[in-house]
Amino acid sequence: MEDTTKYVIIGAGIAGISTAEELLRLDPAGNITIISDEDYYYRAALSEYFQGKIERNEIFAKEDGWFESAGIDFIRGAVTSVDTGARKITCDRSESVQYDKLLIATGASALTTPWPGLELDGVCTYRGLGCVDTYLHEIEEGAKKAVVLGGGILSFELIDNFLQLGLEVTLLVRGEGLLGLLFDEDGAKIIEDQLYARGVDVRFKTEADSFEGVNGKVTGLVTKAGETIPCDLIAPAIGIRANVGFLEGSGIEVDRSVIVDGFLRTSTEDVYAAGDCCAVRAAPGDRSVPTRTWLTSALQGQAAAVNMTGGDRSFREGVIFNSSSVFESFYAVLGLFNPAEGSGHAFRSWKFADGSYMRWTIEKGRLAGAIIIDAMKYVWPVRQLIESRVDVTGLLESDIENADLLELVPQGQQVLF
Ligand SMILES: Cc1cc2nc3c(=O)[nH]c(=O)nc-3n(C[C@H](O)[C@H](O)[C@H](O)COP(=O)(O)OP(=O)(O)OC[C@H]3O[C@@H](n4cnc5c(N)ncnc54)[C@H](O)[C@@H]3O)c2cc1C
36 MEDTTKYVII
46 GAGIAGISTA
56 EELLRLDPAG
66 NITIISDEDY
76 YYRAALSEYF
86 QGKIERNEIF
96 AKEDGWFESA
106 GIDFIRGAVT
116 SVDTGARKIT
126 CDRSESVQYD
136 KLLIATGASA
146 LTTPWPGLEL
156 DGVCTYRGLG
166 CVDTYLHEIE
176 EGAKKAVVLG
186 GGILSFELID
196 NFLQLGLEVT
206 LLVRGEGLLG
216 LLFDEDGAKI
226 IEDQLYARGV
236 DVRFKTEADS
246 FEGVNGKVTG
256 LVTKAGETIP
266 CDLIAPAIGI
276 RANVGFLEGS
286 GIEVDRSVIV
296 DGFLRTSTED
306 VYAAGDCCAV
316 RAAPGDRSVP
326 TRTWLTSALQ
336 GQAAAVNMTG
346 GDRSFREGVI
356 FNSSSVFESF
366 YAVLGLFNPA
376 EGSGHAFRSW
386 KFADGSYMRW
396 TIEKGRLAGA
406 IIIDAMKYVW
416 PVRQLIESRV
426 DVTGLLESDI
436 ENADLLELVP
446 QGQQVLF
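If you want it as structure tokens, here you go:
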């Protein structure tokens, strides 16, 4: 290896950029190249741009010229293969690139099915800036009706956006429930009711069969039952998958995601991964866990950089935390927020007078996770209670409503986010 280490990062999302920023700090003499097929932007803020709350230029997280001024070589292009033997990366838009240490931070893409008509104008998955631009363009051209596929939280966010812009929305769901991955039934109902109140046409047990169009532009969706739903936009939001196809033949272990250990190391020496593209298998034989949130991706990127520069920082997920807003509600999920039925956990839940909601998952008397909708004052204390493993068995209802829950956390055991 030369004196100057050549770091290559694939993917300029929050994971890749966090790694680069940490590398700049830890190894100022290092040579950093980032290869990405998109610029860096706040992906989690796409709805703000969609709804016109921020301008398009405000979604970009770095000012023009940032890479140059930081001394980073930025290649705009898609990596097509990685040769781990020769330590060489092939990209569609440049000569091959050599690395000493490699970070894979390619994120995830929306899942689709090969529906006939997927290529029509007006059909676009909700994942990146390009698809928001497409939706906005179609709306500007007169699109009035959208069909959204999938009953997860991203569909709700998307529907909220369409409604704000005055579109009529039909939601197709394969199963019989909504938001099942994130919330329990009572929690889901609070958000669902807001969907119905806004006049969204929700069709359960309904699947898309094909998309119809005229002159290359979508005009309708045909269901498996043979019904045609006229529309100008179709937005599949049926799940995501890690962007790992280009790793085929590289020898790097992939099991739907890039598998990394607790130090973000892949199965191949000097190759690391962080963010939505990876799943952490903390010990051999353990289940590998993808997390896929903004904060986790940033923290993984930082830990990966430490290890790429010869350090030894294990990535500890800590209490899983995710929070966002949809329609008029803010929500947060923490820890083991929605364990599978029959997992043996106990639950306590509260519907507060102002319509807000909280449910706790309890494991052997201790708080293991929570769903919180609109009762945001509880987020911080609940997080502390989960971390400090306080026994909550004896907590009274009055303690929850009136007392400062933080007082239950033993001195010296409070943690920072
Ligand atoms: C609409 C939306 C809302 C969200 N809201 C929230 C939220 O409220 N809170 C939260 O915690 N998380 C949220 N998320 C998730 C969060 O945005 C992701 O967890 C985070 O962006 C993952 O960062 P990443 O760097 O791993 O991947 P990405 O941000 O996906 O970046 C990876 C980059 O790599 C590029 N790439 C992929 N393959 C290649 C290749 N072969 N060659 C070159 N480049 C490649 C991709 O194009 C992409 O630009 C949201 C996501 C979406 C889509």
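In my numbering, each residue carries its 1-based index in the sequence shown increased by 35. All C-beta atoms, glycine included, are put in the ideal place defined by N, C-alpha and C. Bear in mind that the values here come from a model prediction, so they are computed numbers and not experimental data.
For Lys224, the enclosing alpha helix (DSSP H) begins and ends at Glu220 to Ala232. Phe382 and Phe298 have their alpha carbons spaced roughly 34 angstroms apart.
Between Ile70 and Cys159, the C-beta spacing is not below 7 angstroms.
For Asp290, the beta-bridge partners assigned by DSSP are Ser292. Beta-bridge annotation (DSSP): Pro63 is not paired with any residue.
Taking 7 angstroms as the cut-off, the beta carbon of Trp395 is found closer than this to the beta carbon of Ala405.
Annotation for Thr344: Leu61 and Asp62 place their beta carbon closer than 6 angstroms to its own, counting only its chain and skipping 5 residues before and after. Under the 10 Å beta carbon count, Phe239 is surrounded by fewer than 16 other beta carbons and is classified as exposed. Placement of the Cβ of Thr141 at a distance of less than 6 angstroms from at least one heavy atom of ligand 1 is found. Shown here, Phe191 sits in a helix according to DSSP, grouped into three states. The beta carbons of Ala55 and Ile45 sit no closer together than 7 angstroms. When DSSP states are grouped into helix, strand and coil, Gly261 belongs to the coil group.
With contacts defined as CB atoms closer than 7 angstroms, Leu213 and Glu227 qualify as a contacting pair. By the criterion of a C-beta distance shorter than 6 angstroms, Ala338 is surrounded in its chain by Leu299, Arg348 and Phe350, once the five residues flanking it on both sides are discounted. For Ile421, the uninterrupted alpha helix (DSSP H) segment begins and ends at Val414 to Ser423. For Gln337, the enclosing alpha helix (DSSP H) stretches over residues Trp329 to Met343. If you draw a straight line from the Cα of Ala105 to the Cα of Leu59, it is about 8 angstroms long.
Collapsing the DSSP output to three states places Phe365 in a strand. Taking the C-beta atoms as reference points, Phe365 is found nearer than 7 angstroms to Asp409. Distance from the Cα of Glu262 is smallest, within the candidate group Arg276, Asn250 and Ser245, for Ser245. Counting the other CB atoms within 10 Å of its CB gives Asp426 a total below 16, which places it among the exposed residues. A direct Cα-Cα distance of roughly 27 angstroms separates Lys97 from Gly346. Pro319 sits exposed, since fewer than 16 C-beta atoms from the chains shown fall within 10 Å of its C-beta. Non-local beta-carbon contacts of Ala340 in its own chain, meaning distances under 7 angstroms to residues more than five positions away in sequence, involve Thr54, Glu57, Leu58 and Leu61 in chain order.
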